[in-house]
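*Asks:*
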């Protein structure tokens, strides 16, 4: 049902997989990126990438070009390239972001010829490679952003971008770069030949709501889902006049969400376990299932060392606290799509877990994933 991986770190703030899932890049909640390779005996640390000098905020691994892009609170982004001998270039390509606040999130476009970086400076940098100068340049999307951009995602057509921010709004922009791309086609969200054109804007709630933590386009690109700090999950559908459906959940706030197919959403966050939500034919969101039916794992016979390690990872104060009824024992802050039927989660407990939806469907009574 699940694969639980430990890398000997206390916390994982973000992670990204390579194309065939034989390697994974993780950030152990500091300024480093660790690249681990799967071997017959477990995971082996290949390299530690250390160009950033403040906490790494985002990692994305391009499956086709095999490049890693990272961004950090140090206001920088780097593109890392793997050499023919399998080693990673220790002198990555610096990206000229031109921002004056932390870079908070990063995402490759579907064609992997550009990427978007959100920042605390109320700016989205859309970055592209200039071969004549052999470096990465960017163009800025500024208006009408009013606060920190916390999350970005790309439309499948490579020319439309969605972003969420701490001003409680989700916005869809044109991300067309005229210097390097053909004119954009029409999408249900509209189209524009000008970078930064606002195509749609959605408040988290009519009265504001909470910070937007994660946004995601559906595989077809017609829908957007997002999760926010008021424990809500929302879906906007461009084919229905940009209609928005909101569900206020009983759980702690979600920090990350992804689509599984066209009608299922996996969300996870402070409740320490992934949840499955579905969208019915009428566009309504409903709770489908918790995807973790783990039983308590701590027993009286734990060694003193393991007990203190458990306390440290879970930020507990007393040894008589009980472990959570979940695989993860602390906040899940990153959810990644692995394959058509698999996704992965990383957490502040230092674990990375791969979840198989087909096996979950068989093990959880009443669970049906369309």
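In the UniProt record's numbering, the protein residues as written are 1 to 370.
By construction, the Cβ of each residue, glycine as well, lies at the ideal position given by its N, Cα and C atoms.
Over what stretch of residues does the beta strand (DSSP E) that includes residue 275 continue unbroken?
*Replies:* It spans 275-279 - the beta strand (DSSP E) in which residue 275 sits, taken as one unbroken run.
*Asks:* Whole angstroms is fine: what's the gap from residue 116's alpha carbon to residue 98's?
*Replies:* When rounded, the distance between both Cα atoms is 13 Å.
*Asks:* How many angstroms separate the CA atom of residue 358 from the CA atom of residue 280?
*Replies:* Looking at the two C-alpha atoms, the distance is approximately 20 Å.
*Asks:* Roughly how many angstroms separate the alpha carbons of residue 226 and residue 144, rounded to a whole number?
*Replies:* If I take the Cα positions, the gap works out to 19 Å.
*Asks:* Figure out for me which residue from 221, 8 and 337 has the closest Cα to the Cα of residue 156.
*Replies:* The residue with the shortest Cα to Cα distance from residue 156 is 221.
*Asks:* Cutting at 7 Å between CB atoms, please list the residues of its own chain near residue 259, excluding the five before and the five after it.
*Replies:* These residues qualify, in order along the chain: 216, 218, 219, 225 and 265.
*Asks:* Under 6 Å Cβ to Cβ from residue 192, same chain only, skipping five residues before and after it: list those, please.
*Replies:* Only 174 meet the Cβ criterion.
*Asks:* Within its chain, find whatever has a CB closer than 6 Å to the CB of residue 63; leave out the 5 residues flanking it on each side and keep chain order.
*Replies:* Around residue 63: 19.
*Asks:* Quick check: the stretch 173-188 against the stretch 202-214, are at least 3 beta-carbon pairs closer than 8 Å?
*Replies:* Contact between the stretch 202-214 and the stretch 173-188 is absent, because fewer than three Cβ pairs lie under 8 Å.
*Asks:* When the distance is taken between beta carbons, is residue 29 closer than 8 Å to residue 52?
*Replies:* Not closer than 8 Å, so no.
*Asks:* Less than 7 Å between C-beta atoms, sequence neighbours within five positions excluded: which residues of the same chain meet that for residue 6?
*Replies:* Answer for residue 6: 350 and 351, listed in chain order.
*Asks:* Could you check the C-alpha separation between residue 353 and residue 292 for me, to the nearest Å?
*Replies:* Those two C-alpha atoms are separated by around 11 Å.
*Asks:* Under a three-way DSSP split, which group does residue 45 fall into?
*Replies:* Correct three-state label for residue 45: strand.
*Asks:* Could you tell me the distance, in whole angstroms, from the CA atom of residue 93 to the CA atom of residue 272?
*Replies:* Roughly 36 Å between the two C-alpha positions.
*Asks:* Determine the burial state of residue 134: buried for a count of at least 16 other Cβ atoms within 10 Å of its Cβ, exposed for fewer.
*Replies:* Per the 10 Å Cβ criterion, exposed.
*Asks:* So, at 7 Å on beta carbons, what are the nonlocal neighbours of residue 88 in its own chain, with the 5 sequence-adjacent residues on each side left out?
*Replies:* These residues qualify, in order along the chain: 35, 47, 49, 80 and 82.
*Asks:* Between which two residues does the beta strand (DSSP E) harbouring residue 351 extend?
*Replies:* Note, residue 351: beta strand (DSSP E), 351-356.
*Asks:* Within the same chain, show all residues whose beta-carbon is closer than 6 Å to that of residue 246, passing over the 5 residues directly before and after it, in chain order.
*Replies:* Around residue 246: 232 and 234.
*Asks:* Grouping DSSP H, G and I as helix and E and B as strand, with all else coil, what is residue 104?
*Replies:* Residue state, collapsed to three classes: strand.
*Asks:* Compare the beta carbon distance of residue 119 and residue 147 with 8 Å and say whether it is the shorter of the two.
*Replies:* No.
*Asks:* For the candidate residues 201, 347 and 361, whose alpha-carbon lies nearest to that of residue 27?
*Replies:* Of the candidates 201, 347 and 361, the one whose C-alpha sits nearest the C-alpha of residue 27 is 347.
*Asks:* For residue 240, collect the residues of the same chain with a Cβ closer than 8 Å to its Cβ; drop the 5 residues on either side in sequence, then sort them by chain order.
*Replies:* Closer than 8 Å at the Cβ level, and outside the excluded window around residue 240, lie 283.
*Asks:* First and last residue of the beta strand (DSSP E) that includes residue 6?
*Replies:* From DSSP, the beta strand (DSSP E) with residue 6 extends over 2-6.
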